[in-house]
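As structure tokens, the structure follows; a few thoughts come after it.
2 protein chains.
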Amino acid sequence: MRDSGARQRGEQERSRVAKKRILDAALKVLVETGYSGATTLRIQEEAGVSRGRLLNYFPSRDALLVAAVHHLAAEPVLDLGSRTDWPQDKIERISVAVETMWATYDQPYFWASMELWLAARSRDDLRAALLPAERTMGAMVRKSTDSFFGSELTSLVGYSELRELLNTSMRGVALTYAMERRRPSQDPHLDMWKKLALEALLRPL
Amino acid sequence: MRDSGARQRGEQERSRVAKKRILDAALKVLVETGYSGATTLRIQEEAGVSRGRLLNYFPSRDALLVAAVHHLAAEPVLDLGSRTDWPQDKIERISVAVETMWATYDQPYFWASMELWLAARSRDDLRAALLPAERTMGAMVRKSTDSFFGSELTSLVGYSELRELLNTSMRGVALTYAMERRRPSQDPHLDMWKKLALEALLRPL
DNA sequence: CGCTAAGCAGTCAGAGTTGACTGATTAGTG
DNA sequence: CACTAATCAGTCAACTCTGACTGCTTAGCG
Chain A
1 MRDSGARQRG
11 EQERSRVAKK
21 RILDAALKVL
31 VETGYSGATT
41 LRIQEEAGVS
51 RGRLLNYFPS
61 RDALLVAAVH
71 HLAAEPVLDL
81 GSRTDWPQDK
91 IERISVAVET
101 MWATYDQPYF
111 WASMELWLAA
121 RSRDDLRAAL
131 LPAERTMGAM
141 VRKSTDSFFG
151 SELTSLVGYS
161 ELRELLNTSM
171 RGVALTYAME
181 RRRPSQDPHL
191 DMWKKLALEA
201 LLRPL
Chain B
1001 MRDSGARQRG
1011 EQERSRVAKK
1021 RILDAALKVL
1031 VETGYSGATT
1041 LRIQEEAGVS
1051 RGRLLNYFPS
1061 RDALLVAAVH
1071 HLAAEPVLDL
1081 GSRTDWPQDK
1091 IERISVAVET
1101 MWATYDQPYF
1111 WASMELWLAA
1121 RSRDDLRAAL
1131 LPAERTMGAM
1141 VRKSTDSFFG
1151 SELTSLVGYS
1161 ELRELLNTSM
1171 RGVALTYAME
1181 RRRPSQDPHL
1191 DMWKKLALEA
1201 LLRPL
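Here the protein sequences come in this chain order: A and B.
Read in order, the letters of the first sequence are residues 1 to 205 in the numbering used here.
Read in order, the letters of the second sequence are residues 1001 to 1205 in the numbering used here.
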């Protein structure tokens, strides 16, 4: 620690990049092979990194996966909010919003989260790390949902309950895709959700 | 195979009992330690069975866990339908039905299912075994739900959609308990579900 | 231009897991 | 009561994973 604060610049940058590569690889492997298959060996291979380097940054597998959790929460994984041509018509808007929400559940981060959630159940330290990270994620999801519906609809009375109902139900349905490999865009629940949203928001029509 | 069909009686019985002990142990360990922690060693220990015996019945870990899936589907795990003193008042009945449904998600079989679902995602043979078993489970859940609500309510028009919405949403919420160890009986979503059910079934009040 | 310390590569021992294998046992047959 | 074949107990080799360790490399200081 003699010259701490010096010798940085380039090194810090390299280090940051390497860490990100490792964490991205960890999440990729996590999604592809599940928690138990996400070994440090496979992750280091996926990241194209030597063992020494990986272990230098993340001294243990747990530390690595905990870091992956925070990485997941920090990354702007939900960049679906970029759509700009939302329909004017409220009914149309609701339909599109529900579809956009649902598309959100067909993304890698969703499975990464689920793998982590389940694993956290029987691992105390992972659970401790996951809880705050997951609150962040929850807020992100809510914000995204709001942007899908637009301020005109989100200000309606039953909205926040509807949002919760939709998100929890979609999570419950998305999980079935672990077994059934259907086309999410044609899920039979879509109509159900749209109808629910219409009635919840536009009942006194 | 000389005298196949003979030498049974006692042996078959013993065998059946031993198998059940092993499968019960497998599910217990699965719930307690998660998929990756459910090793054959731990299961044989929990079952109080020698390695030879376990491997005689289930030649591989995969075979054992696939069998555990079917075991789970075959067992009457949801014996909550035994309640007899359902309220007469519809509003009360709906409230109790929702609470009873929700209590269903605070049982070991739920976590066993979730562990298996997630694991099936990256294991072809497990997935193949899980799909039909899970259809059976789905039917059981639906039947249970119906019994909670009673024929008077299940015959109403919006019922089957409501049932699906409640079950998927409850699954989505129950998953958060992997991280947050709250009291399920006080879950804030209960009011939401009750209100939803009331409106869906008794709207033209 | 030598020097220091952190970053990093590659190796390895130890722990844990799986499933094969060798005999012993047991149930039921003739 | 001998005999047969399945059942079962206990051991073990092969493999995998983790994290510690040794030493090389690199960046920046004086």
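In this text, a Cβ means the ideal position worked out from N, Cα and C, and glycines have one as well.
Note that the structure is a prediction, hence the values are computed from the model and not measured.
For Q1088 of chain B, the secondary structure class from DSSP, reduced to helix, strand or coil, is coil. Within 9 angstroms of the CB of G1172 of chain B, the CB atoms of chain A belong to N167, T168, S169, M170, R171, G172, V173, A174 and L175, in sequence order along the chain.
A1120 of chain B belongs to the set of residues whose beta carbon lies under 8 angstroms from a beta carbon in chain A. If only uninterrupted alpha helix (DSSP H) runs of at least 4 residues are considered, those enclosed by the segment 104-136 of chain A are 108-121.
Contact check for R1183 of chain B against M179 of chain A fails: the beta carbons are separated by 8 angstroms or more.
Not a single CB atom of chain A sits nearer than 8 angstroms to the CB of R1016 of chain B. Distance from the Cα of I1022 of chain B is smallest, within the candidate group B:A1112, B:S1151 and B:G1048, for B:G1048. In this structure, the beta-carbon distance from M114 of chain A to L175 of chain A falls below 8 angstroms. With its beta carbon less than 8 angstroms from one in chain B, S36 of chain A belongs to the interface.
Between A73 of chain A and M137 of chain A, the gap from beta carbon to beta carbon is short of 8 angstroms. Annotation: Cβ neighbours of R127 of chain A in chain B (cutoff 7 angstroms, chain order): M1179. Burial of V1066 of chain B is indicated by the presence of at least 16 other C-beta atoms within 10 angstroms of its C-beta.
Taking C-alpha positions only, Q88 of chain A is separated from D187 of chain A by approximately 25 angstroms. For E1032 of chain B, the nearest CB of chain A lies under 8 angstroms from its own CB, placing it at the interface with that chain. Counting only residues of its own chain and dropping the five nearest sequence neighbours on each side, D106 of chain A has a CB closer than 7 angstroms to the CB of P184. Distance from the Cα of V17 of chain A is smallest, within the candidate group A:G37, A:Y35, A:Y57 and A:T39, for A:Y57.
In the three-state DSSP reduction, Y1057 of chain B falls in the helix class (H, G or I). Less than 8 angstroms separates the beta-carbon of G1158 of chain B from that of A1200 of chain B.
Contact annotation: T145 of chain A and M101 of chain A have beta-carbon atoms nearer than 8 angstroms.
With a contact defined as Cβ atoms closer than 8 angstroms, P108 of chain A and V31 of chain A qualify at about 5 angstroms.
Judged by beta-carbon spacing, I1094 of chain B lies within the 8 angstroms limit of L1198 of chain B, meaning their Cβ atoms are closer than that value. Straight through space, the alpha carbons of R203 of chain A and A97 of chain A are spaced by roughly 17 angstroms.
Taking a beta-carbon distance threshold of 8 angstroms, E1152 of chain B does not count as an interface residue toward chain A.
A68 of chain A places its beta carbon less than 8 angstroms from that of L27 of chain A. Among the residues facing chain B, L54 of chain A is not included, as its CB has no counterpart in that chain under 8 angstroms away.
The three-state reading of DSSP puts P1188 of chain B in coil, since its state is none of H, G, I, E or B.
Not a single CB atom of chain B sits nearer than 8 angstroms to the CB of E45 of chain A. Residue burial is scored here from C-beta neighbours: K1194 of chain B has at least 16 other C-beta atoms within 10 angstroms and is therefore classed as buried. Assigned with DSSP and collapsed to three states, Y159 of chain A falls in helix. Just so you know, the alpha carbons of E92 of chain A and L196 of chain A end up roughly 14 angstroms apart. Under the three-state reduction of DSSP output, Y1035 of chain B falls in the helix class. Around the C-beta of A1129 of chain B, 16 or more other C-beta atoms lie within 10 Å, and the residue is accordingly described as buried. Within chain B, the residues M1179 have their CB atoms less than 7 angstroms from the CB of E134 of chain A, given in chain order. Cβ contact annotation for A1120 of chain B (same chain, cutoff 7 angstroms, sequence separation greater than five): L1126, R1127 and L1130, in chain order. Counting other Cβ atoms within 10 Å of its Cβ, T39 of chain A stays below 16 and is therefore classed as exposed. Put simply, the backbone Cα of D124 of chain A is about 13 angstroms away from that of G1034 of chain B.
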